Structures are given as structure tokens and as C-alpha cells.
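A.B. asks:
In the UniProt record's numbering, the protein residues as written are 1 to 475.
As C-alpha cells, then:
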């Protein structure tokens, strides 16, 4: 039986309406089911992995929502909530350690290493939490903790907290928000051969959220005040006179004493093994644990030293390659103000604090830049005059042959296990119970990881859609 074209069109139209109606009903049923799910159930559903398209869509929406929330947050007019006030006055719960309590804890650590006279002069009074030095007239003091903020800790606590999520679940959420880029490319001729001088560079964004950044900055200012009062070891704190533009930034060294140039005693550049500085503060060790757990730093290269740079507007770091008394990789964490870092085999000094180079990379706040391979040893790097006050912390692991004579390993930095998302962890357990041999288990695990939201290598979530892409140079 033949059907006219008009009849076919009408039939197809009716069929489309039926399909659309079915889809609408299914969509409504799905939304009703979704509304009845708890936070834990929704998180469990998402942790099982999504197709690449859905993953990108959800990531973009979450990132945009997060950015909108940050844009709406005004530190100058946000009311201090009860929990915020308790946090600021050092009356917070054990889950969150206030800067005051953290500073007191560090003071006790320093006291045990020094004479009683210094200890008494250091903490005879009740220190304030907001410790912005006199050079910084910043009175903003609000800690507004988001629902998915976890303390600077392992995140291993299984207890359920006020927002209904355990520390492990919150860590999974935060872990999934970290952006990672490892494909930096810029070719230059090195020894007559075209070489990607940026190979080995990695940029990890959103490792430390705004609340954590504020806590870290407050603690650094507390340390600066201690240094100004000579309550830190002599070689820990340095605040040279600013004799020209870009010269004279404040530095603090922990874990080892590093010499930038030949000093007055004739010591060459590098680690001075018979000189002591203060040990790594507990907060910095928690930062290290965070970076190792979240696959930012490898567990085979856990930093045991760091240098804090406090920049005033106009301060800079001239072109250099980091000394090989420190093994690779090493990393830099950025706070207070975004700035650019330049890379190139031949960086030019134009004027004091002004440099030129072929590749410029912006460093977002709370990000971690990893330097390894060619990015650490072939390309030089520098930081031109910064546009505003900035703080950076460079974490490095000392070469075992260059350790200070008085150095002892820190048990808090040993055996740090990288975080494995629960879905992948369950997958490994399931394969093991099924009696699959180790080799097959590993291959299945990696194969499955490629289809999940996370994996242990290069399949982490990409940088947020809001970040601008970096320039590349092609051959």
C-alpha cells in the first residue's frame, strides 16, 4: 500500500511528538529521582565516571558556578559568622587548626631547638591571629569556609562532618577540581637540535582554595614578624636593603641554608651543610602532603626544604637555573597576586626588573608549577617585576649527598601515599578478589582508569574552561 508524501509527513510528525513526549516523561522521571538522591549518593554516581563529553560539560558548569561564587564573595562586606569568629580567635574545633594555634605549635617546635631565653622572648604574650606586618595595611579578616573545603590534612578521616560528607568524600571532590596541564611546547635550537625546552613543566591549578590561601598567607606574615624581631635563626630570615629596583625581596629558608652566591666566608653557591636554619613549619609539611597525595609531586621526590619569597611591588627574580644541590622535580606555589614567569635558553635583561624571553606563563593563585626535565635544566626562568605584592613558596628536595650535617629525616614526610579515588580503589579490590594475577590486575586497572573520571597518570581533569590557553611554538 502506497502512502502519499503528505501522509508520510503527518505520520512522521506524530511519531516525533510521541518520541518527544516519551523523552519528556523520562526526563521528568529522572529529575524526580535525582531530587530524591542524597549528596553522598550523587557523589557516588558521579565518581563512577562519565563519557568525555558529559565530563567536560559538568566540569565547565561546576567551574563556572565556583567562579561565580568567588566573584560574589566580597571580603570587605561579608559578615563574620559565628564559626568564622571562633576560627579567628583560635576556638575552632580539632578539624580546623587556626593560624594562632598553628603558630603556637610551631613556636613550641622552635623552642625545643633553642635556648629558653629566646623562647620566652618569642612567646611571652598572646599573639594575634591576623599578623599582617606593618608594611601591609590589610585589615580584611574573614574566613568563609565553603562546603567542600577540607583542612590542610590527609583527608583520611571517615567521620561524617556537618555538611554530610566525610573527609574522604570531600577530598575526592577537591581532588577532582584540580586542573592539570602537562603539554607545554616551545622549540628552540639546543646544540644544533630542535628541542622542546618546556618538556617537564606542569601546571596544577586550584590545589589550594581561597580560604587555604588566606590561612597560608597569614601564617607567612606571622613568620615574617618573627624574623623582623630576630626570633628565627639568623640564616632563616633575610630582608636586605632595597638598593635598586627589583633587589631586596624578603626570603625565608626552612630545612637548609642555601647560598645564592659566594658569601663573605667564601662559601660557594649551594647548600651550606654546616649552617642551620629553622625546620619546616607544620603547615608547610601539610602542604607537601597535599601535593604528594593529589599527584602534583611524585612520592619518590618529597621536598624536605623550602624557600619563601615575599615580593613588594616591583620585586623580581633574575634569570637562572636552580642549583643541582636540589633534585628534580621541584615546585613553586603562588599567592596574593598573579604574575608571569618567563622561560627560554637565553633570557635578556632589558632594565632592572625587566626581562624578555620567548615563553611567558601566568601563575594563577593557589596553583603549583612543577619544574622538571628540560623545563628545569635546559630553559632558564625568571620572574619580572611583579605588579603587586606577591608571595611564593618553592619546595625542593635536597640531594642526599648535600644534606646538612645536622639533618634528620622528618617522619611526617615519609610514606605519603598518593590519593586513589574510591571507584578505582574498589576496582582493584574487585579484580584481586576475582583471582586475577598481579600483571593482569595492573593492565586492567590502567585500562579501566582511562575510562574513568580520574587516573594516576595523564588523564586527570584538564584545566578549567575559564583559564586561557598558553601559547605554543611549532617547529
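We put the beta carbon where it would ideally sit given N, CA and C, even for glycine.
Just so we're clear, the structure is a prediction, and the values are computed from it rather than from any experiment.
Per DSSP, residue 270 forms a beta bridge with which residues?
C.D. replies: Counting from 1 along the chain shown, the entry for residue 270 is found at position 270. DSSP lists 259 as partners of residue 270.
A.B. asks: To the nearest angstrom, report how far apart residue 230 and residue 272 are at their CA atoms.
C.D. replies: In the chain shown, the residue the question calls residue 230 occupies position 230. In the chain shown, the residue the question calls residue 272 occupies position 272. Taking the straight line from one Cα to the other gives about 21 Å.
A.B. asks: From the DSSP output, read off the bridge partner residues of residue 378.
C.D. replies: For the purposes of this step, residue 378 is taken as residue 378 along the chain shown, with counting starting at 1. BP columns for residue 378 are empty, so no partner.
A.B. asks: What separation, rounded to the nearest whole angstrom, lies between the Cα atoms of residue 310 and residue 341?
C.D. replies: Numbered from 1 along the chain shown, position 310 holds the residue referred to as residue 310. Numbered from 1 along the chain shown, position 341 holds the residue referred to as residue 341. Using only the alpha carbons, I get a separation of about 16 Å.
A.B. asks: Leaving out five residues on either side along the sequence, give the residues of the same chain with a beta carbon under 6 Å from the beta carbon of residue 305.
C.D. replies: Numbered from its first residue, the chain shown carries residue 305 at position 305. The answer, listed in chain order, is 255, 256, 396, 398.
A.B. asks: Assuming residue 328 contacts residue 376 (C-beta within less than 8 Å), just tell me the rounded distance between them.
C.D. replies: Indexing the chain shown from 1 puts residue 328 at position 328. Indexing the chain shown from 1 puts residue 376 at position 376. Going by Cβ atoms, the distance from residue 328 to residue 376 rounds to 5 Å, so yes, they are a contact pair.
A.B. asks: Tell me residue 339's beta-bridge partners as DSSP assigns them.
C.D. replies: The count along the chain shown starts at 1 and reaches residue 339 at position 339. Answer by DSSP bridge pairing, in chain order: 363.
A.B. asks: Rounded to a whole number of angstroms, what is the C-alpha to C-alpha distance between residue 373 and residue 181?
C.D. replies: Position 373 of the chain shown, counted from the start, is the residue given in the question as residue 373. Position 181 of the chain shown, counted from the start, is the residue given in the question as residue 181. Near 15 Å, if we compare the C-alpha coordinates of residue 181 and residue 373.
A.B. asks: Under 7 Å, do residue 233 and residue 278 count as touching if we go by C-beta distance?
C.D. replies: As a first step, residue 233 is located in the chain shown; it is residue number 233 there, counting from the start. As a first step, residue 278 is located in the chain shown; it is residue number 278 there, counting from the start. Yes, the Cβ-Cβ distance between residue 233 and residue 278 is below 7 Å.
A.B. asks: Where do the N-terminal and C-terminal ends of the alpha helix (DSSP H) with residue 287 fall, by residue?
C.D. replies: Along the chain shown, read from residue 1 onward, the residue named residue 287 stands at position 287. Taken as a continuous stretch (DSSP letters only), the alpha helix (DSSP H) holding residue 287 covers 282 to 293.
A.B. asks: Please check the pair residue 47 and residue 422, which I expect to be a contact at CB under 8 Å, by giving their CB distance rounded to whole angstroms.
C.D. replies: Locating residue 47 in the chain shown gives position 47, where the first residue counts as 1. Locating residue 422 in the chain shown gives position 422, where the first residue counts as 1. Confirmed, Cβ separation roughly 6 Å.
A.B. asks: Can you pull the DSSP bridge partners for residue 237?
C.D. replies: Working through the chain shown from its first residue, we reach residue 237 at position 237. Partner(s): 252.
A.B. asks: Rank 173, 313, 316, 49 by C-alpha distance to the C-alpha of residue 39 and give the top, closest one.
C.D. replies: Along the chain shown, read from residue 1 onward, the residue named residue 39 stands at position 39. Per the Cα distances, 173.
A.B. asks: How close, in whole Å, do the beta carbons of residue 224 and residue 250 come, if the pair is a contact with beta carbons under 8 Å?
C.D. replies: Indexing the chain shown from 1 puts residue 224 at position 224. Indexing the chain shown from 1 puts residue 250 at position 250. Indeed they touch by this definition, with Cβ atoms about 6 Å apart.
A.B. asks: If you run the structure through DSSP and keep just helix, strand and coil, what is residue 212?
C.D. replies: Along the chain shown, one-based indexing puts residue 212 at 212. It is helical.
A.B. asks: Taking 7 Å as the threshold (C-beta atoms), are residue 391 and residue 336 in contact?
C.D. replies: Against the chain shown, residue 336 aligns to sequence position 336. Against the chain shown, residue 391 aligns to sequence position 391. Result yes, Cβ atoms of residue 336 and residue 391 sit closer than 7 Å.
A.B. asks: Three-state secondary structure (DSSP) at residue 402?
C.D. replies: Indexing the chain shown from 1 puts residue 402 at position 402. In this structure, residue 402 counts as helix in the three-state DSSP scheme.
A.B. asks: In the DSSP output, which residue or residues are listed as bridge partners for residue 277?
C.D. replies: Position 277 of the chain shown, counted from the start, is the residue given in the question as residue 277. Note: residue 277 sits in no beta bridge, so no partner.
A.B. asks: Thinking C-alpha only, which one of 168, 176, 200, 171 is nearest residue 183?
C.D. replies: Against the chain shown, residue 183 aligns to sequence position 183. Of the candidates 168, 176, 200, 171, the one whose C-alpha sits nearest the C-alpha of residue 183 is 200.
A.B. asks: Alpha carbon to alpha carbon, what distance is there between residue 228 and residue 412?
C.D. replies: Stepping through the chain shown from its first residue, residue 412 is reached at position 412. Stepping through the chain shown from its first residue, residue 228 is reached at position 228. Distance between the alpha carbons of residue 412 and residue 228 is about 29 Å.
A.B. asks: Do you know how far the Cα of residue 61 is from the Cα of residue 54?
C.D. replies: As a working note, residue 54 is residue 54 in the chain shown. As a working note, residue 61 is residue 61 in the chain shown. Spanning the two alpha carbons is a distance of roughly 11 Å.
A.B. asks: Residue 380 and residue 347 - do their beta-carbons sit closer together than 7 Å?
C.D. replies: Locating residue 347 in the chain shown gives position 347, counting from the first residue. Locating residue 380 in the chain shown gives position 380, counting from the first residue. Cβ atoms of residue 347 and residue 380: closer than 7 Å.
A.B. asks: Just to confirm my understanding: we take residue 300, look at its own chain, exclude 5 residues before and 5 after, and list those with CB closer than 6 Å. What are they?
C.D. replies: The residue given as residue 300 occupies position 300 in the chain shown. Same-chain partners within the cutoff: there are none.
A.B. asks: Taking a contact to mean a Cβ-Cβ separation below 7 Å, would you say residue 219 touches residue 283 in this structure?
C.D. replies: For the purposes of this step, residue 219 is identified with residue 219 of the chain shown, where counting begins at 1. For the purposes of this step, residue 283 is identified with residue 283 of the chain shown, where counting begins at 1. In this structure, residue 283 lies closer than 7 Å to residue 219 by Cβ.
A.B. asks: What number of angstroms, rounded off, separates the C-alpha of residue 352 from the C-alpha of residue 207?
C.D. replies: Locating residue 352 in the chain shown gives position 352, counting from the first residue. Locating residue 207 in the chain shown gives position 207, counting from the first residue. If you take the alpha carbons of residue 352 and residue 207, they lie about 33 Å apart.
A.B. asks: When the distance is taken between beta carbons, is residue 419 closer than 7 Å to residue 293?
C.D. replies: As a first step, residue 293 must be located in the chain shown, where it is residue number 293. As a first step, residue 419 must be located in the chain shown, where it is residue number 419. Yes. Within cutoff.
A.B. asks: Out of 45, 270, 177, which has the shortest C-alpha to C-alpha gap to residue 296?
C.D. replies: Against the chain shown, residue 296 aligns to sequence position 296. Residue 296 has its Cα closest to that of 177, out of 45, 270, 177.
A.B. asks: Going by beta carbon distance, what residues of the same chain come within less than 6 Å of residue 161, once the five residues before and after it are set aside?
C.D. replies: Along the chain shown, one-based indexing puts residue 161 at 161. Note on residue 161: pLDDT 49, under 50, position unreliable in the model; the coordinate value appears next. The answer is none, since no qualifying residue turns up.
A.B. asks: Would you kindly report the start and end of the unbroken alpha helix (DSSP H) that includes residue 175?
C.D. replies: Taking the chain shown and counting its residues from 1, one reaches residue 175 at position 175. Start and end: 167 to 177.
A.B. asks: Rank 281, 193, 345, 363 by C-alpha distance to the C-alpha of residue 307 and give the top, closest one.
C.D. replies: For the purposes of this step, residue 307 is taken as the residue at position 307 of the chain shown. If we check each option's Cα against that of residue 307, 281 comes out closest.
A.B. asks: Give me the Cα-Cα distance between residue 197 and residue 326, rounded to the nearest whole angstrom.
C.D. replies: For the purposes of this step, residue 197 is taken as residue 197 along the chain shown, with counting starting at 1. For the purposes of this step, residue 326 is taken as residue 326 along the chain shown, with counting starting at 1. About 20 Å.
A.B. asks: Would you kindly check if the distance between the Cβ of residue 316 and the Cβ of residue 385 is under 7 Å?
C.D. replies: Within the chain shown, residue 385 is the residue found at index 385, counting from 1. Within the chain shown, residue 316 is the residue found at index 316, counting from 1. It is a contact, given that the beta carbons lie within the stated cut-off.
A.B. asks: Between 344, 312, 365, 319, which has its C-alpha nearest residue 334's C-alpha?
C.D. replies: For this step, residue 334 is matched to residue 334 along the chain shown. Looking at the Cα atoms, 365 is the closest of the given residues.
A.B. asks: Starting from residue 390, follow the beta strand (DSSP E) in both directions and report where the run begins and ends.
C.D. replies: Your numbering for residue 390 matches position 390 in the chain shown. Residue 390 -> beta strand (DSSP E) spans 390 to 396.
A.B. asks: If you reduce the DSSP assignment to three classes, tell me which class residue 180 lands in.
C.D. replies: Here residue 180 corresponds to residue number 180 of the chain shown, with the count starting at 1. If DSSP states are grouped into helix, strand and coil, residue 180 belongs with the strands.
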